[in-house]
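Heads up: the sequence shown at position 92 corresponds to 92 in full-length UniProt numbering, and the numbers run straight through without jumps. Glycine residues also receive a C-beta, built at the ideal position from the N, C-alpha and C atoms.
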Amino acid sequence: MLRKALVLVYGATAYLAFLATLLYTIGFLAGVAVPKGIDDGAVGPAWRALLVDAALLTLFAMQHSVMARPWFKRWWTRFVPTSVERSTYVLASTAVLVLLLWQWQPLPAEVWSVGPSWARAVLWAVYALGWIVLVFSTFAVGHFDLFGLRQILARARDRNYAEPEFREPLIYRLVRHPLMVGFLIAFWAAPDLSVGRLVFALAASGYIMVGVRLEEHDLRAQLGEPYERYLRRVPRFVPRPGALKQG
1 MLRKALVLVY GATAYLAFLA TLLYTIGFLA GVAVPKGIDD GAVGPAWRAL LVDAALLTLF
61 AMQHSVMARP WFKRWWTRFV PTSVERSTYV LASTAVLVLL LWQWQPLPAE VWSVGPSWAR
121 AVLWAVYALG WIVLVFSTFA VGHFDLFGLR QILARARDRN YAEPEFREPL IYRLVRHPLM
181 VGFLIAFWAA PDLSVGRLVF ALAASGYIMV GVRLEEHDLR AQLGEPYERY LRRVPRFVPR
241 PGALKQG
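The following block contains the structure:
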């Protein structure tokens, strides 16, 4: 009983830590409602800031890529119970993101700044839309599976956990990676774009382009022909005209 309670506390802590960090990230990139935004802090030499920021972004990308691979999961679950594997991944990702937000070095030189108030309002609305698309995408495919909560609940109830079957919710019939589309929208919808925000957006977008190919490679091996047909029919990021009618 104690072990089950600890598993529940662990999973819930990982999830709540992720939610808090996600909310902080939204404010961090927008530069509002948080103690430190992406352009805040002491400004040092640009070369040093670029090195530090590049190292932080590389660490984040490596942690995500390595821990998400099937071979790593097979090795990792020799030491970590399967029921908390996903929660551990979420907690590790959160810790690396917290480090990035904490140690990010500002590069506040202006790349662009949109003047008209209506245009700024449109960009802020698009920024919010990106995060809405991201969150909606997680619920479309199983939010609580994605963040490890169903796994720990199954363990607490002494039930076997089964991975969700492959399916195509509405938004996933438009594009294969709507969650990443949400990220891309949020990264680039900026009324004020500094060099630091540009570095972040470029690096994160580059990682997404690589990461989705790694994910698709793994899903091909896992799901076989149904996923191959899905790849042929649905584009990665940009919906085709009339995509829903074709589906």
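- Trp75 lies in the beta strand (DSSP E); which residues open and close that run? Here Trp75 belongs to no beta strand (DSSP E); instead the alpha helix (DSSP H) covers Pro70 to Trp76.
- Message: DSSP three-state label for Glu165, please.
- Response: coil
- Under three-state DSSP, which class holds Asp145? helix
- Could you tell me the distance, in whole angstroms, from the CA atom of Tyr24 to the CA atom of Leu99? 12 Å
- Query: Ala201 and Trp188 look like a contact to me (Cβ under 8 Å); what is the Cβ gap, rounded to whole Å?
  - Reply: 6 Å
- Phe237 to Gly130 span [Cα, whole Å]: 13 Å
- Query: Between the Cα of Val84 and the Cα atoms of Arg233, Ala154 and Val195, which residue gives the shortest distance?
  - Reply: Ala154
- Quick one: Cα of Leu184 to Cα of Arg74, how far? 31 Å
- Message: By DSSP's criteria, Glu110 is part of a beta bridge. Which residues make up the other side?
- Response: Ser194
- Query: What did DSSP end up calling Trp102 once you bin it into helix, strand or coil?
  - Reply: helix
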